[in-house]
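Protein sequences, first through last, are from chains A and B. The numbers in the working numbering rise by one with no breaks, and the one at position 315 of the first sequence is 329. The numbers in the working numbering rise by one with no breaks, and the one at position 126 of the second sequence is 255. Backbone N, C-alpha and C fix where the C-beta goes; we use that ideal spot for every residue, glycine too. Given the structure is predicted, the values throughout are model-derived calculations rather than measurements. Some notes on the structure that comes next.
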Amino acid sequence: MEKGSFQVEVIRKQFPAIHQQVYGKQLVYLDNAATTQKPQAVINRLTDYYTNENCNIHRGVHYLSQQATSAFEEARNTTAKFINAAHSHEVIFTKGTTESVNLVAASLGKLLMKMGDKVLITGMEHHSNLVPWQQLCKAHQGELLVARLTDSGETDLNHFAELLRQSPKIVAVTHISNALGSINPVREMISMAHQQNIPVLVDGAQSVAHMKIDVQELDCDFFVFSGHKIYAPMGVGVLYGKSEWLEQMPPWQFGGEMVDQVSFAETTFNQLPFKFEAGTPDVGAVLGLATALDFLSEFDIQTIAKHEQKLVENTINELKQIDGMRLIGTSAKRAGVVSFVVEGIHPYDIGTLVDKMGIALRTGHHCAQPVMTRYEVPGTVRASFAMYNTAEEVDHFVATLNKAINMLR
Amino acid sequence: MTIKEIQEEIISEFSAYDDWMDKYNYLIEMGRDVPQIDVQYKTNNHLITGCQSRVWLHADLKENKVFFTADSDAVITKGIVNLLIRVYSGHTPEEILEADIDFLDQIGLKEHLSPTRSNGLLSMVKQMKLYAQVFKLKMNN
Ligand SMILES: Cc1ncc(COP(=O)(O)O)c(C=O)c1O
């Protein structure tokens, strides 16, 4: 299929929320790593669903229920195809990345972890891919192994290899750091772990919207992401798992839909993917996710990636001109986010002032406090990009930043 | 001046600024002039939680009046603390406890008031009142 050409001006028209004024100034939305805005198609999908199709799924024999059920299962196929999963039953719908990680930590943890066992992560994990593993290790009086970061914000692969020799039971790594922007060489890390038959979970929250994801090529055992960071509604996330693992793993939450037969004495569980989907899911959000993925699939994701990469490069080049600028995360392999501090100025002050001038960005620790500790900063200012951002917005952002810095110096 | 009069004074000062930038420049200046907390009090014990930037607050009682000192690593936050200090410092614990703080609303800094707002302005006010409360109890004993 011929992919639609990528013209940012055309794309912008499809995202109503970016066309607004805040404090009387045109909004420049650069907080996409926190959540992306939604294209009209996704908004319409939600409206349509609640206007015409709302129904509980997998239960009723009636028309609406069957329609909703088949749309829901179609969304699973769309998602599986988007990440190139081998089977659609390897796609489990969750609330988001955080829930996906918690599911795997609880369920795979139950399957694999014994007293004293270890889990290996990297020093750049979001709290959502850190705390569940830390708590799992604690519960088993084991140890959370953390691969060091280099000064430029990359995982120290030698240290990672060294820690692998301690035979952790599970490896969990982020694909792209939300605080540093660095891309982990996950393909390589996965194959290192696989040499010892250790399963690997990849946190794709920050990568899925910015690069082609092929879970079979990565050969990851689990891949997790949130819909809301890929132009889809909030409230839906994905857990991809290889069926070999998902089949063996015990259910995590119990209740409706995930059961097969129930008596007061005994319950047998439904098969994949349903055994991990207890209770009524956010059907509307799942359908919205499929619409978002369809929307993205109209373009060549490489073209989007290139466009965003250019914005990141422009930003870095312009920021480097600023006195006292310190980029946090200077890996050559990076995407999506640019994090920085300015000498003598607190990130919060910068965030407050640029906000008044219409620029939405994030300041703080970005739910990655150990990363802030590692680079000895109280927090950073973070600009993060999406397909609808423009080079003009980058220029405007940097000019605004300069104004703020002048006020603060 | 009473707490109420000081608030009115601040409101009229702010009404002279029609540009947000002037307002924030003023806050930044206020931040630079904050009555500095003694280094010995710049400890976790004096840290106000719920702020994105760190804020330390201390209070002394002199001749039955409360005097606050503070610091923060963010200058705008420091400016906001200093506004509060200007309103509260030099008053009796009783006066501080009874005072309504409504000037923030009227000078267009209301967004800093929301409880989820990361600078934790509400926590600052609460902490100041807590100091007053403690001094009041001590005085009554
Ligand atoms: C790398 C990373 N992992 C996990 C999460 C958590 O995602 P969610 O809050 O959607 O569960 C985020 C979101 O900020 C993230 O950036």
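Check for me: the alpha helix (DSSP H) holding residue i runs from which residue to which?
i: residue 203 of chain A; result: 200 to 208
i: residue 346 of chain A; result: Unbroken run through residue 346 of chain A: none, as it is neither H nor E.
i: residue 118 of chain A; result: 111 to 126
i: residue 96 of chain A; result: 77 to 96
i: residue 141 of chain B; result: 132 to 144
i: residue 267 of chain B; result: 250 to 269
i: residue 225 of chain A; result: Premise fails: residue 225 of chain A is in no alpha helix (DSSP H) and is neither H nor E.
i: residue 415 of chain A; result: 405 to 422
i: residue 388 of chain A; result: 383 to 388
i: residue 108 of chain A; result: Taken as a continuous stretch (DSSP letters only), residue 108 of chain A belongs to no alpha helix (DSSP H), being part of the beta strand (DSSP E) at 105 to 108.
i: residue 363 of chain A; result: 361 to 370
i: residue 229 of chain A; result: 229 to 232
i: residue 161 of chain B; result: 149 to 161
Within 10 angstroms of its Cβ, does residue i collect 16 or more other Cβ (buried), or is it exposed?
i: residue 183 of chain B; result: buried
i: residue 220 of chain A; result: buried
i: residue 15 of chain A; result: Note that residue 15 of chain A has pLDDT 46, beneath the 50 cutoff, so the model's placement of it is unreliable and the number below is only indicative. It is exposed - the Cβ of residue 15 of chain A has fewer than 16 other Cβ atoms within 10 Å.
i: residue 264 of chain A; result: exposed
i: residue 211 of chain B; result: buried
i: residue 172 of chain B; result: exposed
i: residue 30 of chain A; result: exposed
i: residue 179 of chain A; result: exposed
i: residue 237 of chain A; result: buried
i: residue 129 of chain A; result: exposed
i: residue 224 of chain A; result: buried
i: residue 253 of chain B; result: buried
i: residue 246 of chain A; result: buried
i: residue 353 of chain A; result: buried
i: residue 206 of chain B; result: buried
i: residue 77 of chain A; result: exposed
i: residue 33 of chain A; result: exposed
i: residue 73 of chain A; result: exposed
i: residue 266 of chain B; result: exposed
i: residue 118 of chain A; result: buried
i: residue 207 of chain A; result: buried
i: residue 281 of chain A; result: exposed
i: residue 423 of chain A; result: exposed
i: residue 338 of chain A; result: exposed
i: residue 127 of chain A; result: buried
i: residue 405 of chain A; result: exposed
i: residue 228 of chain B; result: buried
Counting only Cβ pairs nearer than 8 Å, list the residues of chain B close to residue i.
i: residue 392 of chain A; result: 182, 183 and 202
i: residue 370 of chain A; result: 149, 150 and 153
i: residue 377 of chain A; result: 181
i: residue 321 of chain A; result: By Cβ distance, chain B contributes nothing, its closest Cβ being about 32 Å from residue 321 of chain A, past 8 Å.
Specify, as a first and last residue, the run of the beta strand (DSSP E) that residue i falls within.
i: residue 49 of chain A; result: Run containing residue 49 of chain A: none; DSSP gives neither H nor E here.
i: residue 274 of chain A; result: 273 to 276
i: residue 398 of chain A; result: 394 to 398
i: residue 378 of chain A; result: 376 to 378
i: residue 179 of chain A; result: Element bounds for residue 179 of chain A: n/a, residue is neither H nor E.
i: residue 136 of chain A; result: 132 to 136
i: residue 24 of chain A; result: Counting along the chain, residue 24 of chain A falls outside any beta strand (DSSP E), though it belongs to the alpha helix (DSSP H) covering 22 to 26.
i: residue 184 of chain A; result: 184 to 188
i: residue 157 of chain A; result: 157 to 161
Can you round the beta-carbon distance between residue i and residue j to whole angstroms, since I take them to be within the 8 Å contact cut?
i: residue 342 of chain A; j: residue 419 of chain A; result: Contact doesn't hold; Cβ gap of about 17 Å is too wide.
i: residue 266 of chain A; j: residue 235 of chain A; result: Their Cβ separation, rounded to whole angstroms, is 16 Å, which puts residue 266 of chain A and residue 235 of chain A out of contact at 8 Å.
i: residue 142 of chain A; j: residue 93 of chain A; result: With 8 Å as the limit, residue 142 of chain A and residue 93 of chain A do not qualify as a contact, their Cβ atoms being about 20 Å apart.
i: residue 96 of chain A; j: residue 232 of chain A; result: Actually they do not touch by this definition, with Cβ atoms about 14 Å apart.
i: residue 136 of chain A; j: residue 169 of chain A; result: 5 Å
i: residue 186 of chain B; j: residue 177 of chain B; result: 6 Å
Taking C-beta pairs closer than 7 Å, name the residues in chain A that residue i reaches, listed in chain order.
i: residue 157 of chain B; result: 421 and 422
How would you list, in chain order, the residues of chain B whose beta-carbon sits under 7 Å from the beta-carbon of residue i?
i: residue 363 of chain A; result: 203, 204 and 205
i: residue 366 of chain A; result: 205
i: residue 218 of chain A; result: None at all; the shortest Cβ gap to chain B is about 28 Å.
i: residue 136 of chain A; result: Within 7 Å Cβ-Cβ: nothing; residue 136 of chain A doesn't reach chain B, min ~25 Å.
i: residue 410 of chain A; result: Simply none; closest approach about 17 Å.
i: residue 380 of chain A; result: Result: empty, since nearest Cβ-Cβ is about 12 Å, beyond 7 Å.
Please compile the residues from chain B whose C-beta is within a distance smaller than 9 Å of the C-beta of residue i.
i: residue 37 of chain A; result: 149
Quick one: which unbroken alpha helix (DSSP H) runs of 4-plus residues sit fully inside the segment 250 to 329 of chain A? Chain order, please.
257 to 262 and 297 to 311
Segments assigned alpha helix (DSSP H), at least 4 residues, entirely inside the segment 167 to 225 of chain B:
204 to 217
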